[in-house]
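**Student:**
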Amino acid sequence: MKLVVKGGRVIDPGTGVDGLMDLRIEDGTIVEVGENLKPDAAKVIDATGKVVIPGLIDVHTHLREPGYEWKETIATGTRAAAAGGFTAVCCMPNTNPVLDNPGQVTYVLEKARREGKVAVYPIGCITKGSRGEELTEIGYLREAGVVGLSDDGLPVENAEVMRCALEYARMFNLPVISHCEDRHLAGDGVMNWGPASTAAGLKGIPASAEEVMVARDLILAAATGGRLHLAHISTAGSVRLVREAKRRGVAVTCEVTPHHLTLTDRFIQESGYDTNTKVNPPLRTDADVAALREGLADGTIDIIATDHAPHHTDDKEVEYNYAAFGISGLDTALPLMVTELVGGGYLTLNQLVEKMCLNPARVFGLSRGRIETGGRADLTIIDPEERRTVDVSRFYSLGKNSPFLGRELTGWPVVTIAAGVVVHGEGK
Ligand code: DOR
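Just so you know, numbering that gives the first Met the number 0 puts 370 at position 371 of the sequence shown, and the rest follows in order with no gaps.
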């Protein structure tokens, strides 16, 4: 397939490009970047007035397959990814069965090759069965194609097991992704602990439940030299700990979700106890949101990742205490971040591309995330002017569990091109 993307503002922090430019694509590769390129029998996509960026990469997606296909499948999750402007996702291993052996990883890769709209990179379990007791065969998982290790959804409670994971994973240059939660401190809390939980009459999860584990894992990363990646950090204390560890040269990276950057615990009561606000870690306070935004801007936080956690309405249309934790995020992540963070003056568009394309590729060792001649043609075209209200009935994800219903956002992706093929927009 031959394409020419004409007249858009191309932004690529990886190569330092920011300007009006045309791109020529042939057989999945960008073959020319320049001005006034001739169509030469290629299909032309007019990007005048639009912004062209490298395809987004989500390093924290729950595709739910195998085992929970009523919540999401590889086909629907990657379709939602394409609609959200993502051309690659890293999928979490808390499926059923979990991805703790090469056979399971191969299954996901094979299914993704046949049914996926965008590239899928599996994350393998840190421990067998995600039980936190015995390490998986990390070398074999690596050979099968995992790009990181995590027991996401659950912490590795045993510090010696986590220490060994960091040490072994280091030999294979894999990041160990920590779901930072002390389950004893979290107890059976359902929202952030503080004035808002008291007012709402719900049990709280204190910030310390996250921070204790962040501190522990930073100490273990420093002791082993292993590569630690902290998933979905949500508190000002976590930002402070990571900032300080980075200053000391600890090999740590971390991510934050769009919902933790835009919603607070007060919204739970304000929304009438909308169970779509129930997520783990929980929505925090204004001060936490401010610290997360600051951490992104100063480089403490490397990546914006969705933690796309689709659930069936049966899991959410229950009392707050019984609802499943999780937010469906792929469909809305980009316009939310363009509207709230770029529009609010917290990040430049260039920085946003760094957090959603360049850094995800760097941290997870993926050869993508840039716009360059000879590089893979993964592109997202954004319409900075398009205003649209979030409507979950238009979500491509099976998970309609979004707390952003009814929000008016700008910066929607209008065309997504994965490996040179239009996978969203242009009538797709
Ligand atoms: O809210 C969450 N949902 N947090 C997690 O860590 C796991 C996820 C899920 O799998 O539903």
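Just so you know, even glycine gets a beta-carbon here, dropped at the ideal spot from N, CA and C.
1. On the DSSP letters alone, give me the boundaries of the beta strand (DSSP E) that Ala-417 sits inside.
2. Taking the runs of the alpha helix (DSSP H) that are 4 residues or longer, which of them lie wholly in the stretch 158-212?
3. Using three-state DSSP, classify His-429 as helix, strand or coil.
4. Out of Ser-401, Ala-235 and Asp-306, point me to the one whose CA is closest to Val-88's CA.
5. Checking 8 angstroms against the spacing of the C-beta atoms, do Leu-351 and Leu-335 come in under that value?
6. Does any heavy atom of the ligand DOR sit closer than 7 angstroms to the C-beta of Ala-322?
7. Do Pro-121 and Pro-101 come within 8 angstroms of each other at the CB atom, strictly closer than that value?
8. Please state whether the Cβ-Cβ distance between Ile-300 and Glu-243 is less than 8 angstroms.
9. Out of Ser-237, Thr-274, Leu-404 and Asp-390, state which residue places its alpha-carbon closest to the alpha-carbon of Ala-485.
10. Using a Cβ-Cβ cutoff of less than 8 angstroms, which residues in the same chain neighbour Ala-221 once the five nearest sequence positions on both sides are dropped?
11. Once the 5 residues before and after Val-389 are set aside, which same chain residues still bring their CB inside 7 angstroms of it?
12. Determine contact between the stretch 26-38 and the stretch 348-366, defined as no fewer than three beta-carbon pairs at a distance below 8 angstroms.
13. On the three-state DSSP scale, how would you describe Cys-124?
14. Please state whether DSSP places Trp-266 in a helix, a strand or coil.
15. Which same chain residues end up closer than 6 angstroms to Arg-78 when comparing Cβ atoms and leaving out the 5 residues on each side of it in sequence?
16. Identify which residue in Gly-398, Val-420, Leu-295 and Ala-304 has its Cα closest to the Cα of Leu-346.
17. Can you tell me where the beta strand (DSSP E) holding Met-20 begins and where it ends?
18. Start and end of the beta strand (DSSP E) containing Leu-227?
19. Give the C-beta separation of Val-119 and Val-107 to the nearest angstrom, bearing in mind that I take them to be a contact with Cβ-Cβ under 8 angstroms.
20. For the candidate residues Thr-105, Thr-28, Ala-185 and Ala-290, whose alpha-carbon lies nearest to that of Glu-156?
21. Looking only at its own chain, which residues have a Cβ that is under 8 angstroms from the Cβ of Arg-169, when we skip the five neighbours before and after it?
22. Going by DSSP, what residue range makes up the beta strand (DSSP E) through Gly-7?
23. Around the C-beta of Ala-26, are 16 or more other C-beta atoms found within 10 angstroms, so that it is buried, or is it exposed?
24. May I have the straight-line CA-CA distance separating Ala-322 from Arg-367, to the nearest angstrom?
25. Report yes or no: do three or more beta-carbon pairs, one from the stretch 206-213 and one from the stretch 167-181, lie closer than 8 angstroms?
26. Please say whether Ile-326 and Ala-376 have beta carbons closer to each other than 8 angstroms?
27. Please return the same chain residues whose Cβ sits closer than 7 angstroms to the Cβ of Phe-171, not counting the five positions on each side in sequence.
28. Which residue comes first and which comes last in the beta strand (DSSP E) that contains Val-341?
29. Of all the options Pro-174, Gln-268 and Pro-257, which has the alpha carbon lying nearest to the alpha carbon of Asn-191?
30. Verify the CB distance criterion: does Gly-373 have a CB-CB separation below 8 angstroms to chain B?
31. Beta strand (DSSP E) containing Lys-42: first to last residue?
32. Can you list, in chain order, the residues of its chain with a C-beta nearer than 6 angstroms to that of Pro-174? Leave out the 5 residues immediately preceding and following it.
33. If you reduce the DSSP assignment to three classes, tell me which class Leu-397 lands in.
34. Could you give the distance in angstroms between the alpha-carbon of Glu-385 and the alpha-carbon of Val-288?
35. Provide the residue span of the beta strand (DSSP E) that contains Pro-383, from first to last.
36. Would you kindly work out how many angstroms separate the C-alpha atoms of Leu-162 and Asp-151, rounded to a whole number?
**Tutor:** Judging by the given coordinates:
1. Annotation: the continuous beta strand (DSSP E) that includes Ala-417 extends over 407-417.
2. 158-170, 182-185 and 194-199
3. The structure shown does not extend to residue 429, since the chain spans only 0 to 427, so no value can be given for it.
4. Asp-306
5. no
6. no
7. no
8. no
9. Missing from the structure shown is residue 485; the chain here goes from 0 to 427 and no further.
10. Counting only Cβ-Cβ distances below 8 angstroms, and skipping sequence neighbours, we find Ala-244, Arg-247 and Val-249.
11. Thr-331, Ser-401, Phe-403, Leu-404, Gly-405, Arg-406 and Leu-408
12. no
13. coil
14. Reading the sequence as shown, one finds Phe at residue 266 and not Trp. Of the three classes helix, strand and coil, the one that applies to Phe-266 here is helix, per DSSP.
15. Lys-116 and Tyr-395
16. Per the Cα distances, Leu-295.
17. For Met-20, the uninterrupted beta strand (DSSP E) segment begins and ends at 16-25.
18. It spans 227-229 - the beta strand (DSSP E) in which Leu-227 sits, taken as one unbroken run.
19. 7 angstroms
20. Ala-185
21. Thr-223, Gly-224, Gly-225 and Arg-226
22. Taken as a continuous stretch (DSSP letters only), the beta strand (DSSP E) holding Gly-7 covers 1-11.
23. Reading off the sequence, residue 26 comes out as Asp, not Ala. Flag for Asp-26 reads exposed.
24. 37 angstroms
25. yes
26. Ala-376 is not a Cβ neighbour of Ile-326, given a cutoff of 8 angstroms.
27. Ile-137, Gly-138 and Arg-141
28. Where Val-341 is concerned, there is no enclosing beta strand (DSSP E), given that its DSSP letter is neither H nor E.
29. Gln-268
30. No chain B is present in this structure, which holds just one protein chain.
31. 42-45
32. Gly-147, Arg-226 and His-228
33. The answer is coil: DSSP assigns Leu-397 none of H, G, I, E or B.
34. Spanning the alpha carbons of Glu-385 and Val-288 requires a straight line of approximately 26 angstroms.
35. 378-388
36. A small fix is needed here, since residue 162 is Arg in this sequence, not Leu. Approximately 17 angstroms between the Cα atoms of the pair.
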